[in-house]
Amino acid sequence: MTQTDMQPSDQQDLRMLRESARTLFERAGGSGRSRKLRDAGGGWDADMIREMAEAGIFGVTLPEENGGLGMGLAAGGVIAEEVGRVIAPEPVVVTVGLSLGLLRRLCPDHAMMEQLVEGATVLAVAWQERGPNGGPAEPSCRYADGKLTGGKAWVAGAGGAGGFLVVAEGDAGPVLVLAEAGADGLSVEERRQADGSAMGELSFSGTPAGELASGGAVRAALAEAVNDATALAAAELVGLSERAFEITLDYIKTREQFDKPIGSFQVIQHRAVDLNVMCEVAQSGVREALGLMDRQTDPKARARLASRAKARAVTAAKKITRDAIQLHGAVGYTDEFEIALYLNRALVLSAWLGDDAYHRRLWFEAREEEGAAQ
Amino acid sequence: MTDWNAMSDADFRKEVRGFFEAEYPEDLRNLPHRPKFAEIEHWHRKLHAKGWVAPAWPAEYGGMGLNAAKLLIYYEEQQRWGVNRGRDMGVQMVGPLIIKFGTQEQKDYWLPRILSCEDIWCQGYSEPGAGSDLANLRTRAETDGDDFVINGQKIWTTMAHDATHIFMLVRTDQATPKKQQGISFLLAPMDQPGVEVRTITTLSGETEFCEVFFDDARTPRANLVGELNKGWTMAKALLSFERIFIGAPNLAQNALGQLESFARGRGAFEDPVFRDRFAQAALDVEDHAALYSRFADQLKRGETLGADVSMLKIWVTECFQRITELMIEAAGPDGGTVGPLQVGNVNVDVLASFYKARPTTIYGGSNEIQRNILSKAVLGLPG
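Keeping their order, the protein sequence lines are chains D and X. Per our numbering, the very first residue in the first sequence carries number 1; after that it's consecutive. Per our numbering, the very first residue in the second sequence carries number 1; after that it's consecutive.
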């Protein structure tokens, strides 16, 4: 697909959505607001979540029959890019991609859907587990007789969540259950991340939870929700990279050494161009991948597109934020300068849901499988 | 006359594809070298008979009159089927120059001869002291009665040894405050005592580039195109549309296809390091194609491309080089072997691809020059 295949009216809608999201975040204080929240302990702002909900942000990708705007992942990507530009700590991708992604596929009539879209609460999604060597492992967290036992790791947004959507092993295959924050036998260890946020490590000992869905559909819905979230995280990194580049470009235009702006030196100029090109390639590649995911129903093909997006976005964000520090010189190494926050956020978003090397591997394997099937 | 622009994109693509697939000689597909005219004359005759030699020219001059969207489709199909561009300097450069700046007499005389390939053109821009700094050119033309007399030297003149005419930038005023001034566009015949052509052997052993020496060579004053001393501005005006094609994805895409079949045959994919590097290259090509579409869409909407289009060339040529370097790695101990290497039932000329990729970052404005342009015109960096 090229962007031409999109109707001009769709393009117009996306432009308006981008403008309104940008205005919302800028009025709220841009990246300065994100710094304040980090300094206050690394949480997010529940009022901001409600404001975002009022602007329709959590419902953009949801089908209209589920109370959404039906604008697809392409629109979700627009929102995620704007979140990335101001490194907002609110768990937008968690809500739009993971929790709503699971609920709308498994129990679209559940009352929680409306609450999430209205910004009344946030649900974190617990689906990964940590093995004895510290890396990801096969699931062993059990759900039986209405109770959870075991643990979950890398739960983004665990800190301020009103509850947890947990994917566990039931008596007859996988189940999706809802456990409330503060439930009996639930402990949440918050592991501090580079950007000040926390990644939750959950352990359950007989924690009460209500079953929402079970069977093979849970596995399938989880895979799709993870695809969506992966692609949206890629879009968030694209927005982050763009803004990090803009900040750096402004800096090299104004910082003077040897009586000249350092941006007048050719070596600096060429490095800046390379970052700009990297950024533009990432923006085009990721937007195209998200647009294609909207038209694609085959989960494997969607997974491959999501991997393409995340691989590209992480490659670009790593290069851009790291070179941005170098181009800032010594002040780039301080916490005081804005650019540091972008590097730290990029580290977290890159690792979450798989980095570039991981997604290149998935992408290649999917491509091989497709080739073998033909 | 057919109004191609009135067709739907899909119908037009089908028409072009159908013609190439049915008529283009199989043995000329994806030629690894630049052919002399005699080698592709047969195909040129077919194209000429169909009226398809000059897709971008207005119909009144014998072109197809394609708009940007249709033109892009034409070139995409040409690349897809591995159709050689032929000796197209006349069509790509001289024709547009004359159509835009030439007199009625020049149009009547030269344009039909370009279409029929009665005249075959080469481009005389670069000189030993004027490469990236093209405005530094020294070859001079002085008036003598009804003629210009030309003295100096051109270099990197592609296929000059198989051309009948040269279009060239020459200095017609030695005493201008800026070196971009005092440059004019001249057309000149090659077959005369004052013109000597020597081929340059490249590091791959090819001889498609030449040096051209002018020693009191003559051309009629009527062969000045446009205003005297205004050649630089005209040359820049000619470049605007071509800049997207130099950044088109096809070279890298074709090389990636070759790399894949070669690497598969050689078992290189068993190595996880190679797999990752292949995946990187393949994703670099895919995401470049997405960026290319963005610029192509701009053209299709009738917008003019900005200086930012240069980023396509930077990315794709460097990507093309990495792919051909991976091919050499996959060849292992055969990495220095000249000629096709057989793997299963495919032949891959690893070195030919490698060599072909090297000059892409040098020609058409070296990638360093492109970075200079982007840094000033797009990023607004000072100095």
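The beta carbon of each residue, even a glycine, is placed where N, CA and C say it ideally should be.
| query | result |
| --- | --- |
| Element boundaries [beta strand (DSSP E), containing Tyr143/D] | Arg142 to Ala144 |
| Beta-carbon proximity check, Leu137/X vs Leu169/X, cutoff 8 angstroms | yes |
| Of the listed residues Gly65/X, Pro25/X and Ile99/X, nearest to Leu238/X (C-alpha basis) | Ile99/X |
| Cβ-based contacts, 9 angstroms cut-off: residues of the stretch 263-294 of chain X near chain D | Phe269, Pro272, Arg275, Asp276, Phe278, Ala279, Gln280, Ala282, Leu283, Asp284, Glu286, Asp287, His288, Ala289, Ala290, Leu291, Tyr292, Ser293 and Arg294 |
| Short-range partners of chain X found in the stretch 235-262 of chain D, where Cβ spacing is below 9 angstroms | Leu249, Ile252, Lys253, Lys260 and Pro261 |
| Validate contact between the stretch 69-84 of chain D and the stretch 16-28 of chain D using beta carbons, cut 8 angstroms, 3 pairs | yes |
| Under 9 angstroms by beta carbon: chain X residues contacting Asn276/D | Asp308, Met311, Leu374, Ser375, Val378 and Leu379 |
| 6 angstroms Cβ shell around Asp355/D - same chain, five flanking residues per side excluded | Val314 |
| Supposed contact pair Asn367/X and Ile314/X - C-beta distance, whole angstroms, cut 8 angstroms | 5 angstroms |
| Cβ shell of Met1/D (< 6 angstroms), same chain only, five flanking positions each side left out | Residue confidence for Met1/D is low, a pLDDT of 40 falling below 50, so the modelled location carries little weight and cannot support an answer. |
| Span of the alpha helix (DSSP H), counted from its first residue to its last, around Thr233/X | Gly231 to Leu239 |
| Span separating the alpha-carbon of Ala6/X from that of Ala69/X | 11 angstroms |
| Other residues of its chain near Ala172/D: CB distance less than 8 angstroms, five sequence neighbours each side excluded | Ser214 and Gly215 |
| Neighbouring residues, chain C, relative to Trp363/D (Cβ below 9 angstroms) | Protein chains D and X are contained in the structure displayed, whereas chain C is not. |
| For Gly329/D and Glu336/D, the rounded distance between their alpha carbons | 13 angstroms |
| Beta carbon proximity, Arg360/D to chain X, threshold 8 angstroms | yes |
| Option nearest Gln115/D by Cα separation, candidates Gln128/D, Ala144/D and Val96/D | Val96/D |
| Ala58/X burial status per 10 Å Cβ neighbour count (16 or more: buried) | Per the sequence shown, residue 58/X should be read as Pro rather than Ala. So Pro58/X ends up on the exposed side. |
| Per-residue DSSP class, three states only, for Lys318/D | helix |
| Neighbouring residues, chain D, relative to Pro249/X (Cβ below 8 angstroms) | Per Cβ cutoff of 8 angstroms: no residues; Pro249/X is ~12 angstroms from chain D at best. |
| Residue from Gln79/X, Ser116/X, Gly95/X and His33/X with nearest C-alpha to Leu47/X | Ser116/X |
| Pairwise C-alpha distance: Met89/X and Pro112/X | 14 angstroms |
| Identified DSSP bridge partners for Asp147/X | Asp144/X and Pro220/X |
| Host alpha helix (DSSP H) of Glu329/X (start-end) | Ser310 to Ala331 |
| Chain D contact for Arg221/X (CB, 8 angstroms cutoff) | no |
| Chain-ordered neighbours of Gly383/X on chain D, where CB pairs are closer than 9 angstroms | Lys260, Pro261, Gly263, Ser264, Phe265, Gln266 and Gln269 |
| First through last residue of the alpha helix (DSSP H) which encompasses Asn227/D | Gly216 to Thr254 |
| Short CB-CB distance (under 8 angstroms) between Arg371/X and chain D | yes |
| Distance, Pro32/X Cα to Glu76/X Cα | 18 angstroms |
| Of the listed residues Pro108/D, Glu236/D, Ala179/D and Leu353/D, nearest to Tyr143/D (C-alpha basis) | Ala179/D |
| Selection of the stretch 295-315 of chain D by Cβ proximity to chain X, strictly under 7 angstroms | Arg308, Ala311 and Arg312 |
| Min CB distance Gly285/D to chain X below 8 angstroms | yes |
| Buried/exposed call for Phe258/D, threshold 16 Cβ in 10 Å | exposed |
| Cut-off 6 angstroms between Cβ atoms - residues of its own chain near Gly344/X, not counting five sequence neighbours on either side | Gly265 |
| Pick from Ala156/D, Ala124/D, Ala158/D and Gly170/D that is closest to Gly146/D, judged by C-alpha positions | Gly170/D |
| Sequence-distant residues of its chain with Cβ nearer than 8 angstroms to Asn229/X (five each side left out) | Thr172, Asp173, Thr176, Gln181, Gly182, Ile183 and Ser184 |
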